[in-house]
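Chains as they are written, first to last, in numbering that gives the first Met the number 0: chain A, 0 to 374; chain B, 0 to 640.
No residue lacks a Cβ here, since even glycine has one placed at the ideal position from N, Cα and C.
Heads up, the thing below is written out as structure tokens.
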Amino acid sequence: MSLFEARAEALQANRRTLAERFHTDTPLLLCLLILSVISLFVLYSASGQKIDVIWRQSIRLGIGFLIMLALAQLNPATFKRWTPWLFTLGIGLLVAVLVAGEVGKGAQRWLDLGFFRFQPSEMMKLAVPMMVAWYLSDHPLPPTLKRLAMAILLIIIPTLLIAKQPDLGTALLVASAGIFVLLFSGISWRLIFASAAVMAAGAPVLWHFMHGYQKQRVLTFLNPEQNPLGAGYHIIQSKIAIGSGGLYGKGWLNGTQSQLNFLPERSTDFIFAAYAEEFGLFGILALLAVYLLVIMRGLLIASQAQDSYSRLLAGSIVMTFFIYIFVNIGMVTGLLPVVGVPLPLVSYGGTSMVTLMAGFGILMSIHTHRKLLPR
Amino acid sequence: MALHHTIKDHFRETRLFTSRAVAALLISIGLMAVLLLRLFDLQVIKHDTYAVLSDKNRIHIRAVPPTRGLIYDRNGTLLAENLPSYRLEVIVEQVKDLDATIAELRHLVDISDDNIAAFKKRLKRSKRYKPVSLRSRLSDEEVARFAVNRHRFPGVDTVAHLYRHYPFKSRGVHAVGYVGRISEKELHTIDTNNYEGSDFIGKTGIERFYEDLLHGEVGVERVETNAQGRTLRVLDRDEPVPGLNIYLSLDAELQGIAEAAMGDNNGAVVAIDPTDGSVLALASMPTFNPNLFVGGIDTKTYRALQDSPDQPMFNRAIRGRYPPGSTVKPFIGLAGLEYGLIDPDISTYCQGWYMLDGDDRKYRDWKKTGHGHMDLNQALVESCDVYFYDLALTLGIDRLSAFLEPFGFSDITGIDISGELTGLVPTRQWKRRHKRQPWYPGETLITGIGQGFFLSTPLQLATATAALSHYGSQLRPRLVAATEDPNSREKVWFPATPNVAVPVGDIDNWSYIIRAMTRVVHSRKGTARRIAKGAQYKIAGKTGTSQVFGIKQDEKYVAEDIAKKLRDHALFIGFAPVDDPRIAIAVIVENGGSGGAIASPIARKVMDYYLNTVLPREAGYIEQTTSPSNRLSNTEKEPTP
């Protein structure tokens, strides 16, 4: 290499932006930062102006961003190489949880590793789509029926293990993450509609296997007014909070439903209702706009990805993110039954945020490690 | 691996993925639109409904109980007041585990099993989400201890309120009455809206009769509460209208003197101002402490009061029906004069007993040896029974009872406390209806000395005496002199209400009787002569001794031999000063024995204090003010009876 050539390369390196050097995607990063700021503001109000809650959430967000940045530095090929091992480890941990897990809130979800508690089901939200993508990507797409059946098995096993804990919300999210890979893999629409019909028919069977509290949640969803002080209380108070917010909201820190403790779980799963009460429909439009930007940017990244594995994985990560939003808002507005799904990046809580940020780290990695090929 | 790669059509796969990504985006946008439609529905279309629900959540309408009116005596001395205290209240719907909470509260506040039992009883008939009182009258330490631990007890709170207190305790309880918790029965008779938040209702006496005036009107406040039911702030408030203060004509000191004079005896004293019907003292002995009832009396104490043989809760003054005995003799004598049946100067011979024709039963005189020759005057002074047997027989039961009727002996007086009972002047019709028997002449004889079926209450005796003292003019007895608006301090005086006057035939007949009654006290042979000593004014009176049980023929009544319960009742009626009667009084001492010895000194004590202390003090007060005092200037407006 001549001196000139070396100098030219150094110059080129210098010209690379900060974002390129740290393998971040600026539009995505901006949206995530906006969501984090919104989260801190709403939490301050919903927690009853507790500054320590804000500190803890800030630390979690910080950790989330660090994990995202760390994963963004890795090459997608590395993820692909790790995929089977990660999946196998995840299955092993899920079995371990069932055998020796710690009970929290009536369900076995946690694995105590001595220094920290760990929820293996969270990991599966990424490991399952990775595995399905890994399995399908080395063969021509759309997959053959045989391969499709195999892929479905890869989804069903961890889903059942998680549902057994029992954690219906996470099980549904894990299953949908895997199913999104299948949908992106190009299976025919006819097949998609057919299986949707079969699932709808299978709902009564699912009912049979549900736990008492899960059945209660569904019943409450179907008729919340039936038990306004018991199980229906959450959803009634949530609807009152949202509805009384109106177009413009009651103003920050002025939501009576959340400030006076009528709204349950207002910092975690029902934070959207607290937001809706204080910021109104216009505030919601702004929040949904940011979410939509994240989804659009994510789908663009996915379609610009250069190999099937990256594409399928990126598409699934984005759509899982959307599922969080849809299920959470659907649940607090009474459109969907109450399943424990947080509002992504806004709800107070650690584990799901780490998983989400890891997903965005993978997205950034995929986007920033493309080889510059002439198209 | 390499083999697969060669088969893969990258271009086609990319295109396929892009189309799926576009589909995913469209579906996402579509689902978001669904969410937005739902949010539009909640926040715009149904906004008003949810805004109201949200306000309903946080805004609670709470009743503000009015302050109960105070009760004063004629001098402005407080007889019933309101004292502040703290109460522990529970909203059961907001308590997760009631028993555990109560157990936990017991570490902080003294809660007895009785408290819990009463609480559970109240709980059964309380509305949902209404606080129910668990303990009242918390001590300051208990309030402080709970305040520190308040956060541990959602749905439990201490609430400041006023409770009724009677500073004179048992004194005057049968006139003033007392308040207690509203009973289930009372709930049906009151305006429950107005009693929302009120704890007490008048149970007896003035407290009950003037409940409407004393209670006031409930106020309303809108308060913001949190989900735990804690009040955060008051948004607005309609002030309650406080109850009116009440001024009684009763004099607390005089009442005290009357009760003290009764000593340990059971009985009653009623003193009335005959000029306007004001009740000056109304004592029924024994008494009890009304403060016991305010906070909810415990069963043991209540049982003890209920089951006491002395029946302290029985208001003898208005409900006690006693044979009036010889105290009716002035009225019978007056009847004889007014009917023109007797010449007061013609004597009847009293040999110690009286017999009807064709009947060998001896109607005895209290004096076994007889009084000798008796005219009406002497017969009243010495209380000769034989004279009145003869007079009663001459009158006959029909004329006798017809004459007594206008004095109100068989009616209620209409005093302003509830529960008054009527007396009984027997008639032929009454006996036929109630005993299914004809009237016997012997019964006329004993009616003439206030025995037999004849019954009257102490209050009736006092009002009849007042009517006698004022030559037939009758005023309805009343305890309340005035009401006062607690805010403006404006007083409204109650006018005297005349009852139908007793018809007067010849005023000289009345004067004759009053003169004779004066001699009962102020002559050497008078049965009440002992109270004349040292009196600075003239008293007219009549003693009475009424039989509790009959003495068999030829038996002598020996007080010492008879158990106290069976001893005669001692009675006295009287008024003073004779020339300008300002106080009329009736005294009954159950099983007291002789009216002259036991009952009349009690009357004298009451008269002394009223005439020597109360009246001069009030007269002095009138002289000091340039214009006539309120009391008098307002009595001027009253219709003159």
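Limits of the alpha helix (DSSP H) - the one that residue i falls within
i: residue 299/B; result: 298-306
i: residue 259/B; result: 251-261
i: residue 244/B; result: Here residue 244/B belongs to no alpha helix (DSSP H); instead the beta strand (DSSP E) covers 244-247.
i: residue 128/A; result: 119-136
i: residue 52/A; result: 50-72
i: residue 490/B; result: First-last for residue 490/B: 490-492, but that is the beta strand (DSSP E), not the alpha helix (DSSP H).
i: residue 654/B; result: No information on residue 654/B is available, as it lies outside the stretch 0 to 640 that chain B covers here.
i: residue 385/B; result: 384-403
For residue i: DSSP bridge partner residues
i: residue 230/B; result: 224/B
i: residue 540/B; result: 573/B
i: residue 210/B; result: Looking at the DSSP assignment, residue 210/B forms no beta bridge with any residue, so it has no partner.
i: residue 429/B; result: Bridge partners of residue 429/B: none, in fact.
i: residue 76/B; result: The partner list for residue 76/B (beta bridge, DSSP) is empty, contrary to what the question assumes.
i: residue 241/B; result: 215/B
i: residue 180/B; result: 199/B
i: residue 60/B; result: 221/B
i: residue 676/B; result: Outside the displayed range of chain B (0 to 640) lies residue 676/B, so it cannot be described from this structure.
i: residue 498/B; result: 473/B
i: residue 644/B; result: The structure shown has nothing for residue 644/B, since chain B only spans 0 to 640.
Span separating the alpha-carbon of residue i from that of residue j
i: residue 639/B; j: residue 276/B; result: Residue placement at residue 639/B is flagged as unreliable, the pLDDT there being 38, under the threshold of 50; the coordinate-derived value follows with that caveat. If you take the alpha carbons of residue 639/B and residue 276/B, they lie about 12 Å apart.
i: residue 96/B; j: residue 240/A; result: 28 Å
i: residue 355/A; j: residue 344/A; result: 8 Å
i: residue 217/B; j: residue 60/B; result: 12 Å
i: residue 114/A; j: residue 9/B; result: Confidence in residue 114/A is poor, its pLDDT being 44 and thus under 50, which makes the residue's placement too unreliable to answer from.
i: residue 321/A; j: residue 90/B; result: 44 Å
i: residue 348/B; j: residue 393/B; result: 15 Å
i: residue 221/B; j: residue 279/A; result: 26 Å
i: residue 319/B; j: residue 57/B; result: 56 Å
i: residue 435/B; j: residue 402/B; result: 24 Å
i: residue 43/A; j: residue 273/A; result: 11 Å
i: residue 554/B; j: residue 200/B; result: Any reading at residue 554/B must be qualified, since the residue scores a pLDDT of 48, below 50, and its modelled position is unreliable; the value itself is stated next. Each residue's alpha carbon lies about 53 Å from the other.
i: residue 367/A; j: residue 59/A; result: 25 Å
i: residue 100/B; j: residue 232/A; result: 23 Å
i: residue 354/B; j: residue 375/B; result: 20 Å
i: residue 327/B; j: residue 481/B; result: 33 Å
i: residue 107/B; j: residue 94/B; result: 17 Å
Start and end residues, beta strand (DSSP E) containing residue i
i: residue 312/B; result: Counting along the chain, residue 312/B falls outside any beta strand (DSSP E), and DSSP gives it neither H nor E.
i: residue 349/B; result: 347-349
i: residue 306/A; result: Neither: residue 306/A is in no beta strand (DSSP E) and is coded neither H nor E.
i: residue 131/B; result: 131-137
i: residue 371/B; result: 371-373
i: residue 267/B; result: 266-272
i: residue 284/B; result: 277-284
i: residue 362/B; result: 361-363
Residue from the options whose Cα sits closest to the Cα of residue i
i: residue 479/B; options: 284/B, 271/B, 131/B; result: 271/B
i: residue 138/B; options: 159/B, 129/B, 131/B, 126/B; result: 159/B
i: residue 467/B; options: 510/B, 457/B, 451/B, 35/B; result: 510/B
i: residue 391/B; options: 383/B, 445/B, 339/B; result: 445/B
i: residue 580/B; options: 532/B, 486/B, 500/B, 464/B; result: 464/B
i: residue 310/A; options: 22/A, 63/A, 25/A, 140/A; result: 140/A
i: residue 420/B; options: 456/B, 173/B, 569/B, 448/B; result: 456/B
i: residue 368/B; options: 360/B, 541/B, 350/B; result: 350/B
i: residue 225/B; options: 29/A, 152/A, 259/A; result: 259/A
i: residue 120/A; options: 302/A, 92/A, 133/A, 142/A; result: 92/A
i: residue 130/B; options: 118/B, 141/B, 140/B; result: 118/B
i: residue 298/A; options: 576/B, 13/B, 17/B; result: 17/B
CB-CB length for residue i against residue j, believed under 8 Å
i: residue 82/B; j: residue 209/B; result: Rounded, the Cβ-Cβ distance is 20 Å, inconsistent with contact.
i: residue 242/A; j: residue 45/B; result: 5 Å
i: residue 174/A; j: residue 154/A; result: 6 Å
i: residue 75/A; j: residue 316/A; result: The Cβ separation is near 12 Å, so there is no contact.
i: residue 261/B; j: residue 282/B; result: 6 Å
i: residue 205/B; j: residue 70/B; result: 6 Å
heavy atom of the ligand SAM below 8 Å from residue i C-beta
i: residue 311/A; result: Ligands in the displayed structure: none, and consequently the ligand SAM is not present.
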